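Since the structure comes first, as structure tokens, the remarks are kept for the end.
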Amino acid sequence: MAMSSAFLLTIFLYVVALGEGLSNRTLVMISHRGAPLDIRQVPLMMAQAAAASGGRVRSLTQEDRDCEQCFAQDGMIHDLTTVGVQIVDSKCSASYDQIVNYLEKAKDMTGIAFVCEPDFKVNLNPVPRRVLPLDLSECKGGNSVLGTNDPKSSCQSNLEVIRIGAAWAVARAAKQKLKDIVLAIIDTGADMTHPDLVNQFWKDPADGSIGHNFITKTSDVTDDNGHGTHCAGNAAAQTNNTLGIAGVANANGGSPNVKLMILKFLDAGGSGDTSNALSALNYAVEHGATVSSHSYGAYYASQVFENAFKNAAAANHVAVVAAGNDASTLDQ
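Going by mature numbering (1 follows the signal peptide of the UniProt record, and there is no 0), the letters in the sequence shown line up with residues -21 to -1, 1 to 311, in that order.
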């Protein structure tokens, strides 16, 4: 698969998604007096507040008790500790509206603060115009400006525009060992046999996998769409290996200091759940990825997503997010 390079993208803290459909999961972030709070602790706090009030607070409804029963069940709450999000499972007997109403009551009784959102679908942001097939037959011979021998790098004028060759030269001239970096591609997976990627993958020291599939809950991250492979190649295709294109990240060419962690949450149609995107971000930070790539989008703002990204940043993680294809102003 040919892979063009347009990886260095504008960062913004709104999840860009199409917002189609719901998974029936609920996303929650709760705090009390500025400290993160486990949703499973809220029922006890409510009971203590009710006892201390001498009967002056509203009694719990059956819907409230449904929420408390759900929170107490094993497997109903999934903790994304590093990014500070909890996911209420779709098997929970309490609906999103019930959970919101319960937490509003808890806020009045205990002083908690919370953000609660439904689990929307997100999608690959579609290109708004017809794109003509790219003829790569004339792309051969490498790129003298970049100093690369990858045949298709001769057509990577975009790398010349961002002066990546000069950046590589500065990195090499420093004569210091480049720090090894793990880059998480949070997308549709990757072609694990692609000749320009096969030497670039991170390996989990626990089981040797190159990432995780959040749809099937397995380590099979096979790309059944192609978008994730495209993004992985843009970032870190093996450079100066006389094959394919040049990746942005590897200044030393055949000796990659950037390894790709492949986290699949988008399906063959380019659709996925917000909860799985956040699970992938949490996995990336917990497993040592310094940077993550997010090239999916929507047209609504998510406070949970924004807070999760801020928590990832506080853990020294950099999230690089696509600006989209709509020529929209993103800084308002």
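All C-beta atoms in this analysis are idealised placements derived from N, C-alpha and C, irrespective of residue type, glycine included.
None of these values were measured; they are calculated from a predicted model.
Ignore the nearest five residues each way along the sequence and tell me which others in residue i's own chain have a CB closer than 6 Å to its CB.
{"i": "ALA85", "result": "VAL21, MET25, ILE91"}
{"i": "MET55", "result": "CYS49, ASP68, CYS71"}
{"i": "MET240", "result": "VAL161, ALA163, TRP181, GLY190, ALA268"}
{"i": "ASP43", "result": "TYR81"}
{"i": "ALA228", "result": "ALA214, ALA215, VAL237"}
{"i": "LYS156", "result": "none"}
{"i": "ASN261", "result": "LEU59, THR61, VAL62"}
{"i": "THR89", "result": "MET24, ALA28"}
{"i": "PRO174", "result": "LEU222"}
{"i": "HIS57", "result": "ILE66"}
{"i": "VAL264", "result": "THR61, ALA291, ALA294, HIS296"}
{"i": "VAL110", "result": "Unreliable positioning characterises VAL110 in this predicted model, as indicated by a pLDDT of 49, which lies under 50. A coordinate reading is not provided."}
{"i": "ALA287", "result": "VAL62, VAL64, LEU257"}
Where residue i and residue j are concerned, what is the direct C-alpha to C-alpha distance, given to the nearest angstrom?
{"i": "SER274", "j": "GLY248", "result": "14 Å"}
{"i": "LEU59", "j": "VAL237", "result": "25 Å"}
{"i": "ASN178", "j": "GLY212", "result": "12 Å"}
{"i": "THR308", "j": "GLY276", "result": "14 Å"}
{"i": "ILE9", "j": "LEU39", "result": "20 Å"}
{"i": "GLU83", "j": "CYS95", "result": "10 Å"}
{"i": "ALA292", "j": "ALA298", "result": "8 Å"}
{"i": "GLN135", "j": "LEU16", "result": "49 Å"}
{"i": "PRO184", "j": "SER123", "result": "38 Å"}
{"i": "SER250", "j": "ASN192", "result": "14 Å"}
{"i": "GLY120", "j": "ASP159", "result": "29 Å"}
{"i": "GLU47", "j": "GLN41", "result": "10 Å"}
{"i": "ALA256", "j": "GLN217", "result": "27 Å"}
{"i": "ALA14", "j": "HIS206", "result": "38 Å"}
{"i": "THR172", "j": "ASN102", "result": "25 Å"}
{"i": "VAL79", "j": "ASP53", "result": "21 Å"}
{"i": "ALA30", "j": "VAL7", "result": "26 Å"}
Reducing DSSP to helix, strand and coil, say where residue i ends up.
{"i": "SER136", "result": "helix"}
{"i": "ASP45", "result": "helix"}
{"i": "GLU96", "result": "strand"}
{"i": "ARG142", "result": "coil"}
{"i": "PHE180", "result": "strand"}
{"i": "VAL101", "result": "strand"}
{"i": "MET25", "result": "helix"}
{"i": "ASN286", "result": "helix"}
{"i": "ASN261", "result": "helix"}
{"i": "THR269", "result": "coil"}
{"i": "PRO174", "result": "coil"}
{"i": "SER250", "result": "strand"}
{"i": "GLN77", "result": "helix"}
{"i": "GLY13", "result": "coil"}
{"i": "LEU59", "result": "strand"}
{"i": "ASN122", "result": "strand"}
{"i": "SER(-17)", "result": "Because the pLDDT of SER(-17) is 32, which lies under 50, any placement of that residue in the model is unreliable, and the number read from its coordinates should be weighed accordingly. In this structure, SER(-17) counts as coil in the three-state DSSP scheme."}
{"i": "ASP166", "result": "strand"}
{"i": "GLN155", "result": "coil"}
{"i": "GLN52", "result": "coil"}
{"i": "LEU82", "result": "helix"}
{"i": "ARG4", "result": "strand"}
{"i": "THR208", "result": "helix"}
{"i": "VAL149", "result": "helix"}
{"i": "ASN192", "result": "strand"}
{"i": "ALA301", "result": "coil"}
{"i": "THR197", "result": "strand"}
Tell me, to the nearest whole angstrom, how far the beta carbon of residue i is from that of residue j; I am working on the premise that it is less than 8 Å.
{"i": "ARG4", "j": "SER254", "result": "5 Å"}
{"i": "residue 313", "j": "GLY168", "result": "No information on residue 313 is available, as it lies outside the stretch -21 to 311 that the chain covers here."}
{"i": "residue 312", "j": "ILE165", "result": "Absent from the model: residue 312. The displayed extent of the chain is -21 to 311, so no value can be given."}
{"i": "VAL64", "j": "VAL283", "result": "6 Å"}
Looking at C-alpha atoms only, which residue of the options is the closest neighbour of residue i?
{"i": "ARG35", "options": "GLU83, ASP246, ASP87, ILE194", "result": "ASP87"}
{"i": "HIS266", "options": "HIS296, GLN282, VAL124", "result": "HIS296"}
{"i": "ARG12", "options": "HIS206, VAL299, ASP305, PHE93", "result": "PHE93"}
{"i": "residue 389", "options": "GLY226, ILE18, THR221, GLU285", "result": "The chain is shown from -21 up to 311; residue 389 falls before or after that span and cannot be answered."}
Excluding sequence positions up to five away, which residues of its chain have a Cβ less than 7 Å from the Cβ of residue i?
{"i": "ASP170", "result": "MET(-21), LEU176, ASP202, THR208"}
{"i": "residue 313", "result": "For the chain, the structure presents residues -21 to 311; residue 313 sits outside this window and is missing."}
Leaving out the 5 sequence neighbours to the left and right, which residues in its chain are closer than 8 Å to residue i when beta-carbon positions are compared?
{"i": "ASP45", "result": "SER72, ALA73, GLN77"}
{"i": "ASP246", "result": "THR167, ILE194, ASP203, ASN204"}
{"i": "LEU138", "result": "SER(-17), ASN122, LEU125, SER132, GLY144, ALA225, VAL227"}
{"i": "ALA51", "result": "ARG19, PRO22"}
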